[in-house]
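Just below is one structure, and these are the notes that go with it.
In structure tokens:
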């Protein structure tokens with residue numbers, strides 16, 4: 003394999019690993035939020051916060067030259083998963 007391609011791929015692998023660890027940390031925090039919401043009888047979802055977060059991250063994506071539609075889909079996937087976790091916690 004070409005050395006340049008190998009270095010690119012190693013960088014991609016490192017970035018992917020960092021993304022996994024960042025997502026794990028994010029879900030650790032959202033788990034705590036879900037437990038807090040469940041014990042304080044708060045709803046699992048907060049549509050206003052979700053809208054603000056999506057708008058904020060779309061702008062960050064634009065600033066970073068990343069497709070804001072892709073960013074919104076990615077964030078929506080994460081938010082939906084968090085809400086699912088919060089709903090499970092509330093049912094307990």
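Residue numbers (the working numbering): 3 to 94. No residue lacks a Cβ here, since even glycine has one placed at the ideal position from N, Cα and C.
Query: Please state whether DSSP places residue 42 in a helix, a strand or coil.; Result: coil
Query: Just reading off the alpha helix (DSSP H) that residue 57 is part of, what are its end residues?; Result: 49-65
Query: Between residue 46 and residue 94, how many whole angstroms is the CB-CB distance? I'm expecting something under 8 Å.; Result: Not a contact, Cβ separation roughly 12 Å.
Query: On the DSSP letters alone, give me the boundaries of the alpha helix (DSSP H) that residue 69 sits inside.; Result: Segment: none, residue 69 is in no alpha helix (DSSP H) and carries neither H nor E.
Query: Should the stretch 57-74 be called in touch with the stretch 15-28, which here means at least 3 C-beta pairs below 8 Å?; Result: no
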